[in-house]
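Q: The structure is given below, and queries will be raised subsequently.
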């Protein structure tokens with residue numbers, strides 16, 4: 011099944027799902043990969059590309075970042091803004107309704123993060139696009155769905171890509187995010203093939219003359235609550251040299 015992750019898709023998605031988080035009056039937990047990778051960074055300006063209900067944007071704002079949180083869905087942004095208000099971080103987050111395949115931020119950021127964002131362009135082209143928005147000395151953090159059927163976890167934090175190697179019936183009933191950002195699939199679901207990548211897919215596109223790779227990992231982890239199939243993630247954190 012092929013998905014067209016355009017505005018209509020995501021508005022319909024967020025009309026159908028996501029009410030439970032908003033009704034609870036809290037943003038939910040930020041992605042643990044983001045917390046681990048960003049916690050030691052000095053706060054500055056950040057872009058959450060495909061912010062969904064805003065868990066990561068709210069976490070960043072609560073830890074001193076000035077955040078621009080962009081998503082294609084007006085529906086989910088309204089929910090995210092309400093959650094930010096309840097978390098008392100409204101002044102630290104600017105919510106932007108934007109198609110990230112066409113939008114230009116008008117500047118660069120100290121941190122650009124994306125968590126499981128699924129755009130209406132090829133996944134790797136999307137990562138290329140948002141990487142341009144990282145300021146020199148800044149950080150790019152990509153958390154994506156590992157390609158279906160790929161092997162489990164290997165991690166590298168030595169600044170190099172590993173070896174330089176280069177049925178789904180997915181309803182996108184995700185509990186947290188969109189872009190174009192959707193967090194975790196329903197129990198038993200796998201992410202759509204067109205939204206998945208491998209570690210080598212991403213690291214192979216980061217020019218070593220421009221980027222220093224600090225984290226390059228494929229990980230499997232239990233879902234929140236410990237139910238259903240494990241989640242298979244690819245995590246890349248890199249700093250821009252120039």
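Residue numbers (the numbering used here): 11 to 252. A virtual CB, placed ideally from N, CA and C, is assigned to each residue, including glycine. Small disclaimer: the values here were computed from a predicted structure and weren't measured.
Pull up the DSSP beta-bridge partners for residue 223, would you.
A: Note: residue 223 sits in a beta bridge opposite 248.
Q: Could you check how far apart the C-beta atoms of residue 59 and residue 131 are, in whole angstroms? I think they sit under 8 Å.
A: About 13 Å separates the two Cβ atoms, so there is no contact after all.
Q: Is the separation between the beta-carbon of residue 123 and that of residue 87 shorter than 7 Å?
A: no
Q: Decide if the segment 80–100 is in contact with the segment 50–65; the criterion is three or more beta carbon pairs, one per stretch, under 8 Å apart.
A: yes
Q: Leaving aside the five residues before and after residue 136 along the sequence, list all residues of the same chain whose C-beta is less than 6 Å from its C-beta, in chain order.
A: 129
Q: Taking Cβ to Cβ, would you say residue 226 is nearer than 7 Å to residue 251?
A: no
Q: Can you name the residues that DSSP bridges to residue 150?
A: In DSSP, residue 150 forms a bridge with 122, 248.
Q: Just the Cα atoms here: how many angstroms apart are residue 211 and residue 125?
A: Using only the alpha carbons, I get a separation of about 16 Å.
Q: For residue 127 and residue 153, I'd like the C-alpha separation in whole angstroms.
A: 8 Å
Q: On a Cα-Cα basis, can you pick out the residue from 142, 240, 146, 76 that is closest to residue 94?
A: 76
Q: Enumerated in chain order, which unbroken segments of the alpha helix (DSSP H) with a length of 4 residues or greater are wholly contained in the segment 29–92?
A: Taking only runs of at least 4 residues, the alpha helix (DSSP H) segments lying wholly in the segment 29–92 are 29–34, 42–48, 65–72.
Q: Measuring alpha carbon to alpha carbon, tell me which of 110, 103, 101, 55 ends up nearest residue 118.
A: 55
Q: Tell me which residues share the same chain as residue 71 and place their Cβ nearer than 6 Å to its Cβ, disregarding the 5 neighbours each side in the sequence.
A: 77, 99, 102, 103
Q: DSSP on residue 204, reduced to helix/strand/coil?
A: helix
Q: Let me make sure I understand the geometry here. Which of 69, 207, 147 has the alpha-carbon closest to that of residue 288?
A: Any question about residue 288 goes unanswered here, given that the chain covers just 11 to 252.
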